[in-house]
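Read the structure below first, then the notes.
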Amino acid sequence: MRLRTSHPLVPAALALSAALAPVPAHALEPRPACVASDTHDFPVTSRIHGGPDDYRPGGGFGTWYLDLTNTTAHTCGAIHPVVVLVDSGRTLRPEQLRMEFYDGGRAHPVTFERSDEAENVAPFDDGFPGFTVAPGRTLTVKVRLSFSSAATAPNDVVASASVVQRHGGDGDWVGESNDYRFHVGDDGEDTGRERDTDEGGTTDPGTATADAGTGSASPGTGTATGGTRSPGTGTASPGASTGASASAGTGLAAPDVDELARTGPGGAPNRPVLAALAVALTVLGAGLLLVARRLRGRRR
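What follows is the structure in C-alpha cells.
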C-alpha cells in the first residue's frame, strides 16, 4: 500500500518526528518497490516468536525475534519494522519501556512515543537505513524489551509489528505481524524466560542484513498467536529513493482516510480501523518518520 503525501501529518506522527535521527546521504540510491505477485498478500510476511510469557517491572530484558520473509522474486531493501504495544489498562508510558533491536552484533535503541489512542509506538530507526531481505529468504531480527519499576500495575500487553519499506519521502506498507501476548506485573514470573516450543518455519541463520552492513540473525524458540495479515488491494509503485538528507518543508503526510478505505484489507471502508492504522513514512528536518498504529481485528 503506497502512502500518499498530500495531507497533513497526524498528531502522533508529529510527536515522533523529533525523536528520530537524520538519514545518511548514502541512502539516496533508488530502489525498486517490494511488490507481491498477489496484491491481496503482503510481500513481506512477518512473525514474532520466542518471547517470554511474563515480564517483571524493574527486571531484566526479555528477548524475542521478528522474522521478515521476502515472498517476492526481488530484493526488498529499506525495510523498517515498527512495533506497537497495546496494554489492556492503557497505563503504560514510553518512559516505562526500554527496547532495542539488533543489526548483526550492534544493538540499536528504540524510542517509544505514545499515540492519541494510548498505544506505544516504536519505529526501528536510530539512523538505521533499514534491513535488506533477499528474494525468498527469511531474516530474523533479535529484539529485547524490558519494563521499568514504575510499571507496577498488573497489565496484559499485545505487541505487534507493522513493516514499512521506505522510498525517500514516500513509503509502502509491506507487512504486518502476528500478535505477541504477554503479562507485565509483580504477580508474574521474572522476565527473560523464553518458551521452548516453536511453530516452525525456515530462518536463514547469520543473515540479518541491513542496507549499510551485514550482521548475524538469531533463531527464536517461542510461539505467538495469530498469523501474517494481508493488505487488501493496495498496490505499491517504485519509489525514488530509500532516504535523503533532511531538508526543510519535505515529508510524508498521513494517509488519507478515504484513500485507505478504498485500498485497505478487503476493500471495505472502516474508518475506526483506518484511524488506528496511520502508517506514515517521511524525511523531515529531524530525520526519518515512521508512524504505525494498530490495525485491529481485520485478518484475511
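Count along the sequence shown from 1, then add 3; that gives the number in this note's numbering. Each residue gets a CB set at the ideal place from its N, CA and C atoms; glycine is no exception.
Out of curiosity, what's the CA-to-CA distance linking F150 and P112?
So the two alpha carbons sit approximately 14 Å from each other.
Relative to the C-alpha of I82, which candidate in P138, R140, V167 and R184 has its C-alpha closest?
It is V167.
Relative to the C-alpha of G133, which residue among R50, H170 and T94 is closest?
Residue H170 is the option with its Cα nearest to G133.
Give the C-beta separation of A162 and L88 to the nearest angstrom, bearing in mind that I take them to be a contact with Cβ-Cβ under 8 Å.
Right, their Cβ atoms sit about 5 Å apart.
Specify the secondary structure class of E122 as computed by DSSP and reduced to three states.
Residue state, collapsed to three classes: coil.
If you follow the beta strand (DSSP E) that Q168 is part of, which residue opens it and which one closes it?
Unbroken beta strand (DSSP E) run through Q168: N158 to H170.
So what's P55 in DSSP terms, helix, strand or just coil?
Strand.
In its own chain, which residues sit with a C-beta less than 7 Å from the C-beta of R96, not counting the 5 before and 5 after it?
Same-chain partners within the cutoff: R117.
If you reduce the DSSP assignment to three classes, tell me which class P84 lands in.
It is a strand residue.
Could you spell out where the beta strand (DSSP E) holding D75 opens and where it closes?
A quick correction: the sequence has Thr, not Asp, at residue 75. Unbroken run through T75: none, as it is neither H nor E.
Taking just the CA atoms, how far does R59 sit from G188?
Whole-angstrom Cα-Cα distance: 5 Å.
Compare the C-alpha of T74 against each of D182, G178, Y183 and F185 and name the closest.
It is G178.
Under a three-way DSSP split, which group does P112 fall into?
Residue state, collapsed to three classes: strand.
Am I right that V146 and L69 are in contact with their C-beta atoms under 8 Å? What's the rounded C-beta distance?
About 6 Å; that satisfies the 8 Å criterion.
Could you check which residue in T66, H43, N158 and D56 has the C-alpha nearest to that of T143?
Per the Cα distances, T66.
If you check the beta carbons only, do A164 and V86 fall under 8 Å apart?
Result yes, Cβ atoms of A164 and V86 sit closer than 8 Å.
Assuming D90 and N181 are in contact, meaning their beta carbons sit under 8 Å apart, how far apart are those beta carbons, in whole angstroms?
Contact flag wrong, Cβ pair sits at about 18 Å.
Straight-line CA distance for Q99 to S49?
Computed Cα separation, rounded: 26 Å.
For the putative contact between F185 and P55, defined by C-beta atoms under 8 Å, what is the C-beta separation to the nearest angstrom?
Confirmed, Cβ separation roughly 7 Å.
Under 8 Å between C-beta atoms, does A156 make it to chain B?
In the structure shown, chain B does not exist; there is a single protein chain.
Can you find the residues in the same chain that come closer than 8 Å, C-beta to C-beta, to A110, ignoring five residues on each side of it along the sequence?
Counting only Cβ-Cβ distances below 8 Å, and skipping sequence neighbours, we find E103, F104 and R147.
Contact check, F115 vs N123 under 8 Å by CB: the rounded distance?
That belief holds up - the Cβ atoms of F115 and N123 are roughly 5 Å apart, short of 8 Å.
Just grab the DSSP bridge partners of D106 for me.
Answer by DSSP bridge pairing, in chain order: R109.
Would you kindly work out how many angstroms separate the C-alpha atoms of D44 and G61, rounded to a whole number?
Those two C-alpha atoms are separated by around 40 Å.
Would you mind working out which of A125, A156, T135 and T94 sits nearest G107, comparing C-alpha positions?
G107 has its Cα closest to that of T135, out of A125, A156, T135 and T94.
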